[in-house]
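*Asks:* If you read the sequences in order, they're chains H and S. In case it helps, the working numbering puts the first sequence at residues 1 to 393. In case it helps, the working numbering puts the second sequence at residues 1001 to 1393. All C-beta atoms in this analysis are idealised placements derived from N, C-alpha and C, irrespective of residue type, glycine included. Predicted model only: the values in this text are computed from it and were never measured.
Number of protein chains: 2
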Amino acid sequence: MRQIGLAMKTKFSSDFKLAVLGGGQLGKMLLYETRKWDVYTKVLDPSSEAPCRMACNEFVRGDLNDYDTVMNFASDADVVTIEIEHVNVQALRDLKAAGKAVHPDPEMLAVIKNKARQKELYQKNQLPTASFEVFTNVAEAKKAVEDGRFYLPCVWKSAEGGYDGKGVKMIRAIADLDFETHSECLLEEKVDFAHEIGVIVATRADQKQTAVYPPVEMDFHPEANLVEYVISPANLTEDQYSEAQTIAQNVAQTMGSTGLLAVELFLGKDGHLYVNEVAPRPHNSGHLTIENNYTNQFEQHLRAILNLPLGSTEEKTAGVMVNLVGAEGENGPVEYKHIEKALEMPGVTPHIYGKAETRPWRKMGHVTIIGPDREEAMRKAVIAKDIIRVQRR
Amino acid sequence: MRQIGLAMKTKFSSDFKLAVLGGGQLGKMLLYETRKWDVYTKVLDPSSEAPCRMACNEFVRGDLNDYDTVMNFASDADVVTIEIEHVNVQALRDLKAAGKAVHPDPEMLAVIKNKARQKELYQKNQLPTASFEVFTNVAEAKKAVEDGRFYLPCVWKSAEGGYDGKGVKMIRAIADLDFETHSECLLEEKVDFAHEIGVIVATRADQKQTAVYPPVEMDFHPEANLVEYVISPANLTEDQYSEAQTIAQNVAQTMGSTGLLAVELFLGKDGHLYVNEVAPRPHNSGHLTIENNYTNQFEQHLRAILNLPLGSTEEKTAGVMVNLVGAEGENGPVEYKHIEKALEMPGVTPHIYGKAETRPWRKMGHVTIIGPDREEAMRKAVIAKDIIRVQRR
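In structure tokens:
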């Protein structure tokens, strides 16, 4: 009955309400699309300075992890979605039980929020992933390495709370595990990979249609563990290209995904693909779809969660995305130095997230560079990245 | 000194302020770009329900034609621009005299707002345009027809106040001039045209750089005198294509344009191009640049008026734009019927302006349809136009 109700109610210029948990840059870019379609939105975020503070119909300041705050916030919404995983899942469960459409599904979000449960799901469903073991604390993990159950280097991950490189540690020596933490964690075999691949899968709310984006290549900055370049199309053989899409679609289907699922894969030097992790929302690896693809990831997410037909994922051009992160040693009111120089190159589009203060490695914006082919776009991307400096004013 | 100050002050995430006169759909789409670059904006519009009511930093309700309102509104801005011509020009003159950057220039706006002055400028500068005569009132115009100075059919235009087909009348018989008006007007030879062409020219604030868009074709609805399809690329010979761009650039240069100038031309059945009229702002004929071109017209306008390097105008795909206007006989709260059906076709992007009430022929939104070539895009555009109905809820 709920799905029928959802299908009947008009969503454009109406009293239909979309509630978004989280008001960061992903939410901000989603709001471009809700404005484009005049879909009523309300956004919850702890910061009154959040990038989403404008362009939504209602902005509510509050704790995303507080049950009552989330329940009260979403009580009058028709559809609830997230732009960050760190939200109160029990509230989402109860909102769903109360008849609201919640995307992603709260149970799926619970699995994804815990890297141990996520990896167990891949294993259980024969989805290719690096071998791993789950531990109740880091001392147990250390013992496993001492016992020779893991070759070094391997990767230590906190089961919960990791984000943007936090909660992940490369273990090169046993001593690297000499730190105190009593929460669940895992060790993972380090895949010797050529590069990391991102594939975004969109699934319509009624799960009757999926759309998969062309795989992109993600080049990581060695120090910051942050993506340095996202490149579309990825440098893959035809077989690898379709295998990456197939695996990503299998992950989305296994998880019962609705809306977007961003799947990160390793392309091993052995030529095989391994699922690394997923995010059930628009993703950094999809930002270049704004300029580069027929349907950008934010419009696609909106189509999916509003149960509208999904759009074409086809590429218009070749594209590269560069994150604009705060320069090292710079803290304070932000200035985007030399952005004018980058704008001189054709096909260069900066996106400024609107965060007032810069901090080292903080994601402050991104630049998309498009061109007729990958080489041309990459050539300009390297220059753009080199020119722009995110510093203290 | 002012220009130097403008060049030095950072515009992104800063206290730099852009004032926009008018809060309709053109302003709304400009705000997507100011949000993308986190440029501080304030918008003035008489309606509290204006499409720009969201996504600007400050929304002020007030009369665009009231001198004091405009002066007070823009007093703390660094740059002032318009999204509608019907604003108080004297206020803009005085804001410019007070050291603010005003785009378009108030004197140019004054010329454009008066169709008699506009046509005289074309004539004086040997810019090709249909022959015409200016009259102080309609009775004089009627006498000119009676005296045989104009062949019928010809076109009557009010010098001031025309918009979206208002203030323009096709004169097929002398009796068509039997109406009362004591304001300045003109008669114009009716160009026997194959189609109408639109060319948008961007000029950087310092006038040291211009960028010209590929010509688009504008197909008019015979009844409503509103554009039915805008098609990119226009169906022109190579010579006509470059001639259209050259004429448009000449018009922009002659007028001393800054920011965007949208130039409408007739392609006569004689194969010659004639300037019809211009708009000193983003324009309906440029909406398809959002999906179709490297730099969309709104970002380009922002680049131009902020004195930033202009972007590439190159096309990524072929595109068609269809206006979504209120259906005949429908007045009241709007519903966009069957928009879901249109979304099933690849490359179809609706834009909903967010006006609460529909009225016959009111511009309520538009749909852009892109594809690998003009024929494919046009095929889908005809279907999309046929499917979507803007009606009373």
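#1: Please classify D1105/S as buried or exposed, where buried requires at least 16 neighbouring CB atoms within 10 angstroms.
#2: Does DSSP put M1345/S in a helix, a strand or coil?
#3: Looking at C-alpha atoms only, which residue of P46/H, G354/H and Y336/H is the closest neighbour of D386/H?
#4: Taking V382/H as the query, report the chain S residues whose CB atoms sit under 7 angstroms from its CB, ordered along the chain.
#5: Check each residue of the region 19-50 of chain H: if its Cβ is closer than 9 angstroms to any Cβ of chain S, include it; give the result in chain order.
#6: A356/H versus chain S: which residues are under 9 angstroms apart at the beta carbon?
#7: Could you pull out every residue in the same chain whose Cβ sits closer than 7 angstroms to the Cβ of N1296/S, ignoring the five residues on either side in sequence?
#8: Taking 8 angstroms as the limit between beta carbons, can you name the residues of its chain near S131/H, skipping five residues before and five after?
#9: Determine, for G5/H, whether the minimum Cβ-Cβ distance to residues of chain S falls below 8 angstroms.
#10: Taking a cut of 7 angstroms between CB atoms, which residues from the region 1336-1348 of chain S lie near chain H?
#11: Taking the Cβ atom as the reference point for each residue, do I1112/S and A1205/S lie within a distance shorter than 8 angstroms?
#12: Please report whether the beta-carbon of P1215/S lies at a distance below 8 angstroms from any beta-carbon of chain H.
#13: When burial is assigned at 16 or more other CB atoms within 10 Å of the CB, is F179/H buried or exposed?
#14: Taking 8 angstroms as the CB-CB cut-off, is A202/H touching chain S?
#15: Out of M255/H, E238/H, G271/H and S257/H, point me to the one whose CA is closest to V191/H's CA.
#16: I need the straight-line Cα distance from E315/H to N292/H, nearest angstrom please.
#17: With a threshold of 8 angstroms between beta-carbons, can M54/H be considered close to chain S, or not?
#18: Could you name each continuous alpha helix (DSSP H) segment of 4 residues or more that falls completely within the region 1195-1281 of chain S, going from the start of the chain to the end?
#19: Relative to the alpha-carbon of E26/H, which residue among G365/H, Y67/H, Q123/H and A327/H has its alpha-carbon at the smallest distance?
#20: Express the C-alpha separation of H1182/S and A1175/S in angstroms, rounding to a whole number.
#21: Closest to A1262/S by C-alpha separation, out of K1208/S, A1248/S and H1103/S, would be which residue?
#22: By Cβ distance below 6 angstroms, which residues in the same chain neighbour A234/H in space, the five residues on each side in sequence not counted?
#23: Taking the C-alpha atoms as reference points, what is the distance between K1011/S and K1017/S?
#24: Grouping DSSP H, G and I as helix and E and B as strand, with all else coil, what is Y1157/S?
#25: Does H351/H get closer than 8 angstroms to chain S when you measure Cβ to Cβ?
#26: If you draw a straight line from the C-alpha of V1043/S to the C-alpha of I231/H, how long is it?
#27: Closest to A1173/S by CA distance: which of E1160/S, W1156/S and E1184/S is it?
#28: Which of the three DSSP states is assigned to G5/H in this structure?
#29: Can a CB atom of chain H be found closer than 8 angstroms to the CB of G1311/S?
#30: Rounded to a whole number of angstroms, what is the C-alpha to C-alpha distance between C1052/S and P51/H?
#31: From E107/H to Y274/H, what distance separates their C-alpha atoms?
#32: Does any residue of chain H have a CB that is nearer than 8 angstroms to the CB of L1308/S?
#33: Closer than 8 angstroms, CB to CB, is V1278/S near chain H or not?
#34: May I ask you to report which of helix, strand or coil DSSP gives K316/H?
#35: List, in chain order, every chain S residue whose beta-carbon is nearer than 8 angstroms to that of N428/H.
#36: Assuming the contact rule is C-beta atoms closer than 8 angstroms, E1264/S and V1278/S should be a hit. Round their C-beta distance to whole Å, please.
*Replies:* Per the coordinate set shown:
#1: Counted from its first residue, the second sequence places residue 1105/S at position 105. D1105/S is buried by the Cβ-count criterion.
#2: Along the second sequence, one-based indexing puts residue 1345/S at 345. Of the three classes helix, strand and coil, the one that applies to M1345/S here is coil, per DSSP.
#3: If you number the first sequence from 1, residue 386/H lands on position 386. The candidate whose alpha carbon is nearest that of D386/H is Y336/H.
#4: As a working mapping, residue 382/H is identified with position 382 in the first sequence. Taking a Cβ-Cβ cut-off of 7 angstroms, V382/H has no neighbours in chain S, whose nearest Cβ is about 19 angstroms from it.
#5: Within the region 19-50 of chain H, the residues whose Cβ lies closer than 9 angstroms to some Cβ of chain S are K28, M29, L31, Y32, R35, K36, W37, D38 and V39, listed in chain order.
#6: Here residue 356/H refers to the residue found at position 356 when the first sequence is read from its first residue. Correct list: S1013.
#7: Indexing the second sequence from 1 puts residue 1296/S at position 296. The answer, listed in chain order, is T1289 and I1290.
#8: To locate residue 131/H, count along the first sequence from 1; it is residue 131. Once the five neighbours on either side are set aside, the close Cβ partners of S131/H are E188 and E189.
#9: Reading the first sequence from its first residue, position 5 is the one you call residue 5/H. Confidence is the limiting factor: at G5/H the pLDDT is only 43, short of 50, which leaves the residue's position unreliable, though a coordinate-based value still follows. No, G5/H does not count as interfacial toward chain S.
#10: Y1336, I1339, E1340, L1343, E1344, P1346 and G1347
#11: Mapped onto the second sequence, residue 1112/S falls at position 112. Mapped onto the second sequence, residue 1205/S falls at position 205. No, they are not a contact pair.
#12: On the second sequence, residue 1215/S is found 215 positions in, with the first residue counted as 1. Taking Cβ atoms only, chain H never reaches closer than 8 angstroms to P1215/S, which makes this a no.
#13: The count along the first sequence starts at 1 and reaches residue 179/H at position 179. An exposed status is given to F179/H, since fewer than 16 other beta-carbon atoms sit within 10 Å of its beta-carbon.
#14: Walking along the first sequence from the start, residue 202/H turns up at place 202. Not closer than 8 angstroms to any Cβ of chain S, the Cβ of A202/H fails to qualify, so no.
#15: Mapped onto the first sequence, residue 191/H falls at position 191. The option with the nearest alpha carbon to V191/H is G271/H.
#16: Here residue 315/H refers to the residue found at position 315 of the first sequence. Here residue 292/H refers to the residue found at position 292 of the first sequence. Using only the alpha carbons, I get a separation of about 6 angstroms.
#17: Walking along the first sequence from the start, residue 54/H turns up at place 54. At least one chain S Cβ lies under 8 angstroms of M54/H.
#18: Taking 4 residues as the shortest admissible run, the region 1195-1281 of chain S contains the following complete alpha helix (DSSP H) segments, listed from N- to C-terminal end: 1238-1255.
#19: Along the first sequence, read from residue 1 onward, the residue named residue 26/H stands at position 26. Note that residue 26/H is Leu in the sequence shown, not Glu. Its Cα nearest to that of L26/H, the residue G365/H stands out among G365/H, Y67/H, Q123/H and A327/H.
#20: Residue mapping note: residue 1175/S aligns to position 175 of the second sequence, counting from 1. Residue mapping note: residue 1182/S aligns to position 182 of the second sequence, counting from 1. A1175/S and H1182/S: Cα-Cα distance of roughly 17 angstroms.
#21: The residue you call residue 1262/S lines up with position 262 of the second sequence. That would be A1248/S, whose Cα lies nearest to the Cα of A1262/S.
#22: On the first sequence, position 234 is the one that residue 234/H refers to. Same-chain partners within the cutoff: I197, P215, V216 and E217.
#23: Taking the second sequence and counting its residues from 1, the one referred to as residue 1011/S is at position 11. Taking the second sequence and counting its residues from 1, the one referred to as residue 1017/S is at position 17. The alpha-carbon atoms of K1011/S and K1017/S are separated by roughly 8 angstroms.
#24: To locate residue 1157/S, count along the second sequence from 1; it is residue 157. Correcting the residue type first, residue 1157/S is Lys in the shown sequence and not Tyr. Strand at K1157/S.
#25: Against the first sequence, residue 351/H aligns to sequence position 351. Taking Cβ atoms only, chain S reaches closer than 8 angstroms to H351/H, which makes this a yes.
#26: Translated into the one-based positions of the second sequence, residue 1043/S becomes position 43. Translated into the one-based positions of the first sequence, residue 231/H becomes position 231. Distance between the alpha carbons of V1043/S and I231/H is about 37 angstroms.
#27: Sequence index remark: in the second sequence, residue 1173/S carries index 173 (1-based). Of the listed residues, the one whose Cα sits closest to A1173/S is W1156/S.
#28: Working through the first sequence from its first residue, we reach residue 5/H at position 5. Low confidence applies to G5/H: its pLDDT is 43, below 50, so where it sits in the model is not reliable, and the reading given next is rough at best. Helix.
#29: Along the second sequence, read from residue 1 onward, the residue named residue 1311/S stands at position 311. Taking CB atoms only, G1311/S has a neighbour in chain H less than 8 angstroms away.
#30: Taking the first residue of the second sequence as position 1, residue 1052/S is located at position 52. Taking the first residue of the first sequence as position 1, residue 51/H is located at position 51. Rounded to whole angstroms, C1052/S to P51/H spans 18 angstroms at the Cα level.
#31: Sequence index remark: in the first sequence, residue 107/H carries index 107 (1-based). Sequence index remark: in the first sequence, residue 274/H carries index 274 (1-based). Answer to the nearest angstrom: the Cα atoms are 23 angstroms apart.
#32: Counted from its first residue, the second sequence places residue 1308/S at position 308. Chain H contact via Cβ: present.
#33: Taking the second sequence and counting its residues from 1, the one referred to as residue 1278/S is at position 278. With 8 angstroms as the cut-off, V1278/S does not count as an interface residue toward chain H.
#34: Looking up residue 316/H in the first sequence gives position 316. Coil.
#35: Chain H is shown only over 1 to 393; residue 428/H falls outside these bounds and no answer can be derived.
#36: Within the second sequence, residue 1264/S is the residue found at index 264, counting from 1. Within the second sequence, residue 1278/S is the residue found at index 278, counting from 1. Sure, about 7 angstroms apart at Cβ, within 8 angstroms.
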